[in-house]
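For what it's worth, my numbering labels the leading residue of the sequence shown as 5, then goes sequentially. Here is the structure we will look at.
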Amino acid sequence: MRIILLGAPGAGKGTVAKLLTALDGSVQISTGDILRGAVKAGTPLGKEAKGHMDSGGLVPDSLIMGIMEQRLQEKDCQGGFLLDGFPRTIPQADELGKLLTKLNIKLDLVANIDVPRDVILDRLTTRRTCSNTSCQEIYNIKSNPPAPGDKCKKCGSPTIQRADETVEAISKRLDVYNEKTAPLIGYYDKLGKLLTIKEASSDGVVNAIKAGIAAKK
Ligand code: ADP
Ligand code: ZN
5 MRIILLGAPG AGKGTVAKLL TALDGSVQIS TGDILRGAVK AGTPLGKEAK
55 GHMDSGGLVP DSLIMGIMEQ RLQEKDCQGG FLLDGFPRTI PQADELGKLL
105 TKLNIKLDLV ANIDVPRDVI LDRLTTRRTC SNTSCQEIYN IKSNPPAPGD
155 KCKKCGSPTI QRADETVEAI SKRLDVYNEK TAPLIGYYDK LGKLLTIKEA
205 SSDGVVNAIK AGIAAKK
């Protein structure tokens, strides 16, 4: 499948993407994970991205497009991809459209995962992420806690609260989402690609996406 996952921070895009990759071998492409990896590795890209990310703001479009232009041409994308956290702005969506035309790729669907703000706030403040950059498993201290000692169940590394998961940074990210990313809902609706999903569970969202793709074929 070739889909975009749209939704506010904490809507569950990453979790849903991981479930979907298990279905048909499509790869998850998370710009947030790529950027966090670059920050950790201390690359020039990471150095430029870090300040924007820690404050809850967006990384400049030009940086993101450079990353995605390369990433979408890697071999593993031929079996399909799930874009998680990209595009995030109208200019990114415009550029992505041009890129996909150039690469002769057609999107199946844009899934808009619509979750109420209070649910999102609760989820984000209780979220923990594996600190191992090649793992990045996500936990929730209430619903899916890490192993004793706050260790990752998959790789044993410590789990951490991200710098952008303080209350201030979270409100900033939600404001940025409403201002810069939410307009993509109308954008993709006009293109006939949009499916809005209001399921509470990740499995419910996955099933709605499967049904949505089948209906568009
Ligand atoms: P979220 O949980 O907010 O969806 P992500 O892991 O997707 O978080 O992204 C973390 C941060 O990385 C964002 O707050 C932003 O600073 C940066 N980022 C990720 N993807 C993009 C993008 N497509 N455009 C600009 N900035 C991005
Ligand atoms: Zn781990």
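Heads up, the beta-carbon is just placed ideally off N, CA and C, and yes, glycines get one too.
So who's on the other strand from residue i, going by DSSP bridges?
i, result
"Tyr181", "In DSSP, Tyr181 forms no bridge with anything."
"Gln32", "Leu86"
"Asn148", "Asn144"
"Asn116", "Leu10 and Thr200"
"Lys155", "Ala151 and Pro162"
"Thr93", "Answer is none; Thr93 lacks a bridge partner."
"Arg75", "DSSP lists no partner for Arg75."
"Cys134", "Thr163"
Would you kindly check if the distance between the Cβ of residue j and the Cβ of residue i is under 8 Å?
i, j, result
"Ile124", "Pro187", "no"
"Thr163", "Tyr143", "yes"
"Leu87", "Ile8", "yes"
"Asp126", "Arg6", "no"
"Arg53", "Ala45", "First, the amino acid is wrong: residue 53 is Ala here, not Arg. Against a cut-off of 8 Å, the Cβ pair of Ala45 and Ala53 comes out as no contact."
"Gly89", "Gly16", "no"
"Ser206", "Thr19", "yes"
"Gly29", "Gly84", "yes"
"Ala212", "Glu203", "yes"
"Ala21", "Ser34", "yes"
"Lys194", "Arg92", "no"
"Gln74", "Leu107", "no"
"Val209", "Ile217", "no"
Sorted by chain position, which residues of the same chain lie with C-beta nearer than 8 Å to residue i's C-beta, five sequence neighbours on each side aside?
i, result
"Ala167", "Met57, Asp58 and Ala173"
"Asp80", "Val31"
"Ala97", "Pro91, Leu188, Tyr191 and Tyr192"
Is there a Cβ of chain C sitting closer than 8 Å to that of residue i, yes or no?
i, result
"Lys102", "Within the model displayed, chain C is absent; a lone protein chain is all it includes."
Under 7 Å Cβ to Cβ from residue i, same chain only, skipping five residues before and after it: list those, please.
i, result
"Ala12", "Val119, Ile124, Leu178 and Tyr181"
"Thr133", "Gln140, Ile142, Thr163, Ile164 and Arg166"
"Pro150", "Arg132, Tyr143, Cys156, Lys157 and Thr163"
"Cys159", "Cys134, Asn136 and Cys139"
So residue i and residue j are in contact, right, with Cβ under 8 Å, and what is the actual spacing, rounded?
i, j, result
"Ser161", "Ser135", "5 Å"
"Val114", "Lys221", "Between Lys221 and Val114 the Cβ distance is about 15 Å, and since that is not below 8 Å, they are no contact."
"Leu10", "Ile117", "7 Å"
"Val63", "Leu39", "6 Å"
Could you pull out every residue in the same chain whose Cβ sits closer than 6 Å to the Cβ of residue i, ignoring the five residues on either side in sequence?
i, result
"Gly60", "Asp168, Ala173, Lys176 and Arg177"
"Gly14", "Ile124, Arg127 and Leu128"
Does the segment 65-77 come into contact with the segment 97-108, if we say contact requires no fewer than three beta-carbon pairs (one atom in each stretch) closer than 8 Å? yes
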